[in-house]
Amino acid sequence: MDSVFAAIVQAPEDPILGVTVAYNKDQSPVKLNLGVGAYRTEEGKPLVLNVVRKAEQLLVNDQSRVKEYLPILGLAEFNKLSAKLILGDDSPAIQENRVATAQCLSGTGSLRVGAEFLAKHYNERTIYIPQPSWGNHLKVFTMAGLSVKTYSYYDPTTRGLNFQGLLEDLGAAPAGAIVLLHACAHNPTGVDPTVEQWEQIRQLIRSKGLLPFFDSAYQGFASGSLDADAQPVRMFVADGGECFIAQSYAKNMGLYGERVGALSIVCKAADVASRVESQLKLVIRPMYSNPPLHGASIASTILKNSDMYNEWKVELKAMADRIISMRKQLFDALTAKGTPGDWSHIIKQIGMFTFTGLNSDQVAFMTKEYHIYMTSDGRISMAGLSSSTVPHLADAIHAAVTRSS
Amino acid sequence: MASSVLSSASLSFHGIHKGKSNLGGINKGKIDTFIKSKCFGRISMVAASNVSRFEGITMAPPDPILGVSEAFKADNHELKLNLGVGAYRTEELQPYVLNVVKKADKLLLEKGENREYLPIEGLAAFNKVTAELLFGADNPVMKQQRVATVQGLSGTGSLRLAAALIERYFPGAKVLISAPTWGNHKNIFNDAGVPWSEYRYYDPKTVGLDFEGMIADIKAAPEGSFILLHGCAHNPTGIDPTPEQWEIIADVIQEKNHVPFFDIAYQGFASGSLDADASSVRMFVARGMEVIAAQSYSKNLGLYAERIGAINVVCSSPEAAARVKSQLKRIARPMYSNPPVHGARIVANIVGDSTLFSEWNAEMEMMAGRIKNVRHKLFDNLSSKDKSGKDWSFVLKQIGMFSFTGLNKAQCDNMTNKWHVYMTKDGRISLAGLSLAKCEYLADAIIDSYHNVS
Chain Z
1 MDSVFAAIVQ APEDPILGVT VAYNKDQSPV KLNLGVGAYR TEEGKPLVLN VVRKAEQLLV
61 NDQSRVKEYL PILGLAEFNK LSAKLILGDD SPAIQENRVA TAQCLSGTGS LRVGAEFLAK
121 HYNERTIYIP QPSWGNHLKV FTMAGLSVKT YSYYDPTTRG LNFQGLLEDL GAAPAGAIVL
181 LHACAHNPTG VDPTVEQWEQ IRQLIRSKGL LPFFDSAYQG FASGSLDADA QPVRMFVADG
241 GECFIAQSYA KNMGLYGERV GALSIVCKAA DVASRVESQL KLVIRPMYSN PPLHGASIAS
301 TILKNSDMYN EWKVELKAMA DRIISMRKQL FDALTAKGTP GDWSHIIKQI GMFTFTGLNS
361 DQVAFMTKEY HIYMTSDGRI SMAGLSSSTV PHLADAIHAA VTRSS
Chain R
1 MASSVLSSAS LSFHGIHKGK SNLGGINKGK IDTFIKSKCF GRISMVAASN VSRFEGITMA
61 PPDPILGVSE AFKADNHELK LNLGVGAYRT EELQPYVLNV VKKADKLLLE KGENREYLPI
121 EGLAAFNKVT AELLFGADNP VMKQQRVATV QGLSGTGSLR LAAALIERYF PGAKVLISAP
181 TWGNHKNIFN DAGVPWSEYR YYDPKTVGLD FEGMIADIKA APEGSFILLH GCAHNPTGID
241 PTPEQWEIIA DVIQEKNHVP FFDIAYQGFA SGSLDADASS VRMFVARGME VIAAQSYSKN
301 LGLYAERIGA INVVCSSPEA AARVKSQLKR IARPMYSNPP VHGARIVANI VGDSTLFSEW
361 NAEMEMMAGR IKNVRHKLFD NLSSKDKSGK DWSFVLKQIG MFSFTGLNKA QCDNMTNKWH
421 VYMTKDGRIS LAGLSLAKCE YLADAIIDSY HNVS
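Protein sequence lines, in the order shown, are assigned to chains Z and R. Everything in the first sequence is counted per the UniProt record's numbering, starting at 1 for the first residue and increasing by one. Everything in the second sequence is counted per the UniProt record's numbering, starting at 1 for the first residue and increasing by one.
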């Protein structure tokens, strides 16, 4: 019998997650997974934060807990705490009830719900994303019904920010267009604007009436400070304007698989926020009805308990510090080897990822000869490195750069 | 009921094209001004800087089902009864966390497993057991690897993945849904961009199944339509086809090369037996048909808030199954990347451990048993107290959490206004929210509403 599904072709493996699939197949004892952005300890192991385990113990011990459906917009307490985390405890936007928040499935889910909402309710259908950006952004926005354009961002010659290009491209965008901004620790490049550059970006965006949509996946994880990493978002909110914010707790609380996140929409007025909230429910209900309880309960428990919150900050800083240390060690190793080129971008870039500047041939070489797994755009996850594996990576980079083609 | 949600909030298929209508939440009165000022007037956002760009968005109507519980909470009457809730309640009318789930939660904490991202398709151990549970571990389709299984966000999320697959690969194909059906089905297909129409199902004259109408409508549908079937415990009516009727439904679907698309939200919860409740799906599969089946563990494991379910596609070959699975993943990735791990681990641990699995079966029998008892008591009360001779046996024939009482809207209003019984306006009551102690009161309310209100 011929299948009803005969016309369905095999989809290609997701390029980022496909790296781990390939890594798992490799039998080499020196293989190194620098693909997916998940934190690893110095021993190369995944990490469950102590404060997360504590929170779970509290939850399990609480006999009054039930598993009833959350409201469509999720756990109310989590939503309030999440908004405070990104906007600041004393944010006027929160005090004035101008923020509509929905618990969503981590960063991806928050972006998707926000995008679907915009496609349904906003008159501008184009979103500008930086070039490059996280690979899944394009698909998320396209599937939601938006059309995607790019703005200049990464400068391969400096391995830094193409600020002029960014300003020109955003300056040319139609009034009201949506602009995706990585709040900190740009993925995949690790290149962030300076505070002064953020202020210029803000002025440009406000003067053109563009709608900022922040992707905040690394708050606290980039610099080690929750407040510092939230600065760009708070600058925008401080001017009284509107914005969308997608938050993820995958990295900063290590809650990857629990899918914890939130979408906040900062509006000009409280009654608008209230109506926006009601319409968000209509986007969410036909997608998955209501969000999962477990991860949000963990996050909420941590955020509302000051001892646990402080413990969290300490563990978070430790993760951020380890990554910063890996950057330094890799830079030092390449310098010591005399690897041709300027590798200072490794220590200038911030967050989990480094755009090495290696091309796809070089990457393929490193995978084949050195069993280094990374995405073909030259991105490496610093979180996947340890003091003991830095030398091997340095060898691989050195070989890739110095081999004759 | 659902129609009020549709009129202003959810657009009919004809109003939607793939890129979504511009005018979704904006009421007609404001359209012209809105368009002129925002789209075509080129008024800069700076000039109107005090006005939100979302000023034109209207307040969405409250969810019709959730609205019932809200009204119930606001009522202070001591005899009030909430029969709107679609979640199991104990005899004391309290939410219920299964003992076996509490054990699994503790076990997971002890195991201390990591929280790494699941693969896009979900937890492998969960996907294996969920397909085995539905189709039977010994089912040839399992051994032949002809089932594409992807962990989804409970029933809703699993249905949405399938809907998106239909939209992408079967452009123009229709889904036929029962009249009535769960209110959210229409929203799911609308938002996924899949056209739908209804097949007759509920017969108000008999408070039973309009089988002839159902068959006629399925026959009349364009060849290759997707027929949405409730595997057991039809929501909202509680009326299921008999095994003989299922065979005829399968015949017609095969004749017309339709694709059966099951929504199984109550496996084990309806009769108390996982196998019995899966018999309709298994019969279709045994015929060699390709079948889509969405599962939920919200009710049968009480995991409502953990959002755990799966979408299964039984294909005619393992190659087709592999291709279908890859495309389901491609749909999930830009929606939420990968599904939540906790609920999946709970299910995998319970089903994978024979002691816990037996305990689960026992608790499920208990829940289904309580509902059956409540049906019996309600039926007894209705029959003994109603002197008109009306046949109330449909209460016993219906199965699962819900029952269609046959009450019309005015009668339902009377139930609420006079008797403080909260239910949806389509006449649906949730037996899961009824205790033995309250059956007599409910019977009085129903009899009064039926006979004294038109």
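Backbone N, C-alpha and C fix where the C-beta goes; we use that ideal spot for every residue, glycine too.
Extent of the continuous alpha helix (DSSP H) run through residue i
i: Trp419/R; result: Lys409 to Trp419
i: Phe365/Z; result: Ser360 to Tyr370
i: Tyr104/Z; result: First, the amino acid is wrong: residue 104/Z is Cys here, not Tyr. From DSSP, Cys104/Z is part of no alpha helix (DSSP H) but of the beta strand (DSSP E) over Val99 to Leu105.
i: Tyr151/Z; result: Not the alpha helix (DSSP H): Tyr151/Z falls in the beta strand (DSSP E), residues Ser147 to Ser152.
i: His77/R; result: First-last for His77/R: undefined, no H or E at that position.
Pairwise C-alpha distance: residue j and residue i
i: Ser225/R; j: Phe261/R; result: 10 Å
i: Lys106/R; j: Val283/Z; result: 34 Å
i: Asp217/R; j: Leu229/R; result: 13 Å
i: Asp277/R; j: Lys128/R; result: 19 Å
i: Ile253/R; j: Pro222/R; result: 11 Å
i: Cys439/R; j: Leu93/R; result: 13 Å
i: Gly238/R; j: Pro334/R; result: 36 Å
i: Val141/R; j: Gln27/Z; result: 32 Å
i: Ala336/Z; j: Thr189/Z; result: 24 Å
i: Phe34/R; j: Pro64/R; result: Any answer about Phe34/R is weak, because its pLDDT of 42 lies below 50 and its placement is not dependable; what the coordinates show is given next. Approximately 29 Å, taken between the alpha carbons.
i: Arg403/Z; j: Ser381/Z; result: 23 Å
i: Ser280/R; j: Asp89/Z; result: 55 Å
i: residue 534/R; j: Gly220/Z; result: Residue 534/R lies beyond the range of chain R shown here (1 to 454); nothing can be said about it.
i: Gln131/Z; j: Phe54/R; result: 28 Å
i: Ala125/R; j: Lys329/R; result: 17 Å
i: Ser388/Z; j: Gly209/Z; result: 50 Å
i: Ser21/R; j: Ala7/Z; result: Residue placement at Ser21/R is poorly supported in this model, since its pLDDT is 39, which falls under 50; the coordinates still yield a value, given next. Going by the C-alpha atoms only, they are around 29 Å apart.
i: Lys45/Z; j: Ile372/Z; result: 17 Å
Neighbourhood of residue i by C-beta distance below 8 Å, restricted to the same chain and skipping five residues each side
i: Ile298/Z; result: Val52, Ala55, Glu56, Leu59, Met253, Leu255, Glu258 and Val260
i: Asp239/Z; result: Arg202 and Arg206
i: Pro391/Z; result: Ala333
i: Gly213/R; result: Tyr199, Arg200, Tyr201 and Asp203
i: Glu369/Z; result: Ala396 and Ala399
i: Ser271/R; result: Cys232, Asp277, Ala368 and Ile399
Contact set for residue i: own chain, Cβ-Cβ below 6 Å, skip 5 residues either direction
i: Leu17/Z; result: none
i: Pro212/Z; result: Val179, Leu181, Ile205, Phe236 and Cys243
i: Leu382/R; result: Trp392 and Ala443
i: Ala222/Z; result: Cys184, Ala185, Asp229, Ile350 and Gly351
Nonlocal neighbours in the same chain, by C-beta distance under 7 Å from residue i, ignoring five residues either side
i: Tyr304/R; result: Ala87 and Ser298
i: Val140/Z; result: Thr108, Leu111, Arg112 and Ala115
i: Pro291/Z; result: Leu70, Gly74, Gln103, Cys104 and Leu105
i: Ser69/R; result: Asn82, Gly84 and Val85
i: Asn136/Z; result: Thr108
Range of the contiguous beta strand (DSSP E) that encloses residue i
i: Ala310/R; result: Ile308 to Val314
i: Ser225/R; result: First-last for Ser225/R: undefined, no H or E at that position.
i: Ala294/R; result: Val291 to Ser296
i: Val179/Z; result: Ile178 to His182
i: Leu176/R; result: Val175 to Ala179
i: Phe355/Z; result: Phe353 to Phe355
i: Glu198/R; result: Trp196 to Arg200
Presumed contact (8 Å Cβ cut-off) between residue i and residue j, rounded CB distance
i: Glu167/R; j: Val150/R; result: At roughly 16 Å, the Cβ-Cβ gap does not stay under 8 Å, so Glu167/R and Val150/R are not in contact.
i: Trp343/Z; j: Phe353/Z; result: The pair is not a contact, with the Cβ atoms about 15 Å apart (cut-off 8 Å).
i: Ala98/R; j: Glu365/R; result: The sequence shown places Leu at residue 98/R, not Ala. That pair is no contact at about 12 Å.
i: Tyr268/R; j: Ser154/R; result: Before going further, note that residue 268/R is Gly rather than Tyr in the sequence given. 15 Å between Cβ atoms; not a contact.
i: Lys328/Z; j: Gly160/Z; result: Wrong, their Cβ atoms sit about 18 Å apart, outside the cutoff.
i: Ala294/R; j: Gln145/R; result: Not confirmed; about 20 Å, so no contact.
Worksheet item: What residues in the stretch 281 to 304 of chain Z bring their beta carbon closer than 8 Å to a beta carbon of chain R?
Response: Lys281, Leu282, Val283, Arg285, Pro286, Met287, Tyr288, Ser289, Asn290, Pro291, Pro292, Leu293, His294 and Gly295
Worksheet item: Listed in chain order, which residues of the stretch 268 to 282 of chain Z have Cβ atoms closer than 8 Å to some Cβ of chain R?
Response: Lys268, Ala269, Val272, Ser274, Arg275, Val276, Ser278, Gln279, Lys281 and Leu282
Worksheet item: Which residues, in chain order, does the stretch 118 to 132 of chain Z contribute to contact with chain R at a C-beta distance below 8 Å?
Response: Ala119, Lys120, His121, Tyr122, Asn123 and Arg125
Item to complete: Select from the stretch 14 to 26 of chain Z all residues with a C-beta closer than 8 Å to any C-beta belonging to chain R, and list them in chain order.
Response: Asp14 and Leu17
Fill in: the stretch 247 to 270 of chain Z: positions lying closer than 7 Å to chain R by Cβ
Gly254, Leu255, Tyr256, Gly257, Glu258, Arg259, Cys267, Lys268 and Ala269
Worksheet item: Name the residues in the stretch 190 to 213 of chain Z whose C-beta lies less than 9 Å from a C-beta of chain R; which are they?
Response: Arg206, Ser207, Lys208, Gly209, Leu210 and Leu211
Worksheet item: Which of the residues in the stretch 337 to 349 of chain R, read from start to end, lie with their CB under 8 Å from any CB of chain Z?
Response: Ser337, Asn338, Pro339, Pro340, Val341, His342 and Gly343
Discussion item. Closer than 9 Å between beta carbons: that is the criterion. Which residues of the stretch 53 to 74 of chain R meet it against chain Z?
Written reply: Arg53, Phe54, Glu55, Gly56, Ile57, Thr58, Met59, Ala60, Pro61, Pro62, Asp63 and Leu66
Worksheet item: What residues from the stretch 211 to 238 of chain R come within 8 Å of chain Z, judged by C-beta to C-beta, listed N to C?
Response: Gly224
Worksheet item: Going along the chain, which residues of the stretch 131 to 151 of chain Z sit with their C-beta nearer than 7 Å to a C-beta in chain R?
Response: Asn136, Lys139, Val140, Met143 and Gly145
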